[in-house]
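Under the working numbering, think of the first position of the sequence shown as -11, with each following residue one higher. A virtual CB, placed ideally from N, CA and C, is assigned to each residue, including glycine. Have a look at the structure below before the remarks.
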Amino acid sequence: PDEPATRLVIVPMEFTHSARSTNSSALHWAQSCLEHRGTANRTYKNALIFLAADDKRARELDDAVRSFLAWQYVKDNADGLGLGGQQTRQAQSRMSKADGVVADRLTDSFIWAMAADQPPGAATYALETFNTGGTTDDLIARTGKRMADKSQLSFTRSCTLISMDLTGPLAAAWEPGHISIGALYGYYATYPYLARLRDRDALIEGLLTVYGDTTWQINGFAFAVGYDETTDEYLDIHLPTDEATPQLADSTLIVEPKRALRQREADIEKISGSGGQGGGTAGGRTGPTGPGTGRPGQGGTSGDDPLPSRTTRYFASTTLDGDFPARDFSTIQQEILANLSLVPGTSVDVRIEISASNPDGFTDSTIRTVRENAATLGFDQSEFEVE
-11 PDEPATRLVI VPMEFTHSAR STNSSALHWA QSCLEHRGTA NRTYKNALIF LAADDKRARE
49 LDDAVRSFLA WQYVKDNADG LGLGGQQTRQ AQSRMSKADG VVADRLTDSF IWAMAADQPP
109 GAATYALETF NTGGTTDDLI ARTGKRMADK SQLSFTRSCT LISMDLTGPL AAAWEPGHIS
169 IGALYGYYAT YPYLARLRDR DALIEGLLTV YGDTTWQING FAFAVGYDET TDEYLDIHLP
229 TDEATPQLAD STLIVEPKRA LRQREADIEK ISGSGGQGGG TAGGRTGPTG PGTGRPGQGG
289 TSGDDPLPSR TTRYFASTTL DGDFPARDFS TIQQEILANL SLVPGTSVDV RIEISASNPD
349 GFTDSTIRTV RENAATLGFD QSEFEVE
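Put into structure tokens, the structure is as follows:
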């Protein structure tokens, strides 16, 4: 079936694979299965993992199966073959022993996992192979663990990684500022350049990790029940800071943080406006606070009111721990940058100043590496001083 949940497909034993082969019969069979489902094209190419037998060991498995079937025939037809009780018991023993050999060779033979993979920058996907050999006789569990170890299967995906997918390879789909959970799940199951999720629950569990993430405004998202295109408004917005956790369905929208915050502010203004309609007078109003008195000033006309001052800029500087700068910067991001970004229209400019000294002098290798890395990262300034 062509479904989004990841499935393990056992390749028929007549199609095998061998180490370092790029043209094995198993690869051709898996490629055909990836491209087509019957006469139609397959949609969910990223939802299939194949498990094929090793070419050499498949022959040994075939011999073991033939031996088992032969002894099974002898046991089942003991009377017709004129076997006595001792010979029948011997046939039963040989069949049981052959069955154990088949079980052992089965786990030893089916060791090649295959899955579509498309690295960044690649024009299309290719089938990658992974040796899943091990001691356990549970082929499914063994294959799943090996694929997870190779980052080819995800049992969950954090909100930060989902956000990176949305702003990276899925930027075109994310451009409207929202995407449904069902559509996102479909993308994961379709495109081999995205993570391969075990099932829908893996995505839901990952989405819910945004609750409690203090950097959700930068590395996360919010949720909404729906979106009204005519008014450009989201219905029933849910922020990760809310106490209640929404029930996530395929129709639930994942919403870009700034759009979600603007919607929440608009909702609050609507509530405040509808509740704040009062019976005030149209006459004069209280004047501005008198300077230095701490008391309201005298009444005046609007023409006499000075313009209110506005705090429009913020500056700060600090020193990070040279041994653990990432830890300190993460704290600054959560406690300072995230709060500044909450205000619509805020433009944040972050600059990093690095000063390093070594009394014995830096090695030529260090100087060369730092200069090359700084150039690659596009540093505005990067210099070493000679004393």
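- [ ] Starting from the Cα of D378, find the closest Cα among D51, A52, Q78 and give me that residue.
- [x] The chain is shown only over -11 to 375; residue 378 falls outside these bounds and no answer can be derived.
TODO: Under 8 Å Cβ to Cβ from S6, same chain only, skipping five residues before and after it: list those, please.
DONE: S12, D42, D43, K44
- [ ] Mind checking who F118 pairs with in its DSSP beta bridge?
- [x] A101
TODO: Would you mind working out which of D105, Q235, T155, M135 sits nearest I206, comparing C-alpha positions?
DONE: T155
Task: I225, DSSP secondary structure in three states - done: coil
TODO: May I ask you to list the residues that DSSP assigns as paired with T154?
DONE: The amino acid occupying residue 154 in the given sequence is Leu; Thr does not appear at that position. In the DSSP output, where bridge partners are listed per residue, L154 has none listed.
Task: Y176 vs L191 beta-carbon contact at 8 Å - done: yes
Open item on the list: Using CA atoms only, rank isn't needed, just tell me which of T351, P157, A248, I259 is closest to W204.
Closed with: It is A248.
- [ ] Could you tell me which residues DSSP pairs with L39 in its beta bridges?
- [x] I(-2), A101
TODO: Kindly give me the distance between the Cβ atoms of V(-1) and A40, rounded to whole angstroms, as I take these residues to be in contact under 8 Å.
DONE: V(-1) to A40, Cβ: 4 Å. Contact.
- [ ] Would you list the residues sitting across from G174 in a DSSP beta bridge?
- [x] DSSP lists no partner for G174.
Task: Ordered list of alpha helix (DSSP H) runs contained in the stretch 172 to 260, each at least 4 residues - done: 188 to 196, 204 to 207
Task: Among L308, G366, D316, D352, the one whose alpha carbon lies nearest that of I342 - done: L308
TODO: Over the uninterrupted beta strand (DSSP E) stretch that includes I167, give me the two end residues.
DONE: 166 to 168
Open item on the list: What would DSSP say about R25, mapped onto helix, strand or coil?
Closed with: Note: R25 maps to strand in three-state DSSP.
- [ ] Could you pull out every residue in the same chain whose Cβ sits closer than 6 Å to the Cβ of S370, ignoring the five residues on either side in sequence?
- [x] A362
Task: Alpha-carbon to alpha-carbon, D153 and A232 - done: About 26 Å.
- [ ] Return the Cβ separation of D(-10) and Y32 in integer angstroms, given the expectation that the two are a contact with Cβ distance under 8 Å.
- [x] 6 Å
Task: Beta bridge counterpart(s) of H5 as assigned by DSSP - done: D42
TODO: Using three-state DSSP, classify S353 as helix, strand or coil.
DONE: In the three-state reduction of the DSSP assignment, S353 falls in the helix class.
- [ ] Go ahead and label R186 buried or exposed: buried means 16 or more other beta carbons lie within 10 angstroms of its beta carbon, across all protein chains shown.
- [x] Label assigned to R186: buried.
Open item on the list: How far does the alpha helix (DSSP H) with G132 in it extend, from its first residue to its last?
Closed with: 127 to 137
Task: Nearest-angstrom Cα separation, counted from D105 out to M83 - done: When rounded, the distance between both Cα atoms is 43 Å.
TODO: With DSSP collapsed to three states, give me the class of L308.
DONE: coil
Open item on the list: What would DSSP say about S81, mapped onto helix, strand or coil?
Closed with: helix
- [ ] Below 7 Å CB to CB, which residues in the same chain sit around V336 once its five sequence neighbours on both sides are set aside?
- [x] L325, L328, S329
TODO: With a cut-off of 8 Å on the beta carbons, I'd call V198 and Y222 a contact; round off their distance for me.
DONE: At roughly 16 Å, the Cβ-Cβ gap does not stay under 8 Å, so V198 and Y222 are not in contact.
Task: Span of the alpha helix (DSSP H) around L141 - done: L141 -> no alpha helix (DSSP H), and no H or E assigned at all.
Open item on the list: I'd like the span of the alpha helix (DSSP H) that includes N327, first residue to last.
Closed with: Secondary structure note for N327: its alpha helix (DSSP H) is the uninterrupted segment 326 to 329.
Task: C-alpha gap between G282 and F303, whole angstroms - done: Caution applies to G282, whose pLDDT of 41 falls short of 50 and renders its modelled position unreliable; the value that the coordinates give is listed next. Approximately 28 Å between the Cα atoms of the pair.
Open item on the list: DSSP three-state label for V336, please.
Closed with: V336 falls in the coil class under three-state DSSP.
Open item on the list: Just to confirm my understanding: we take E193, look at its own chain, exclude 5 residues before and 5 after, and list those with CB closer than 7 Å. What are they?
Closed with: Spatial neighbours of E193 in its own chain (CB-CB distance under 7 Å, excluding positions within 5 residues in sequence) are listed in chain order as T144.
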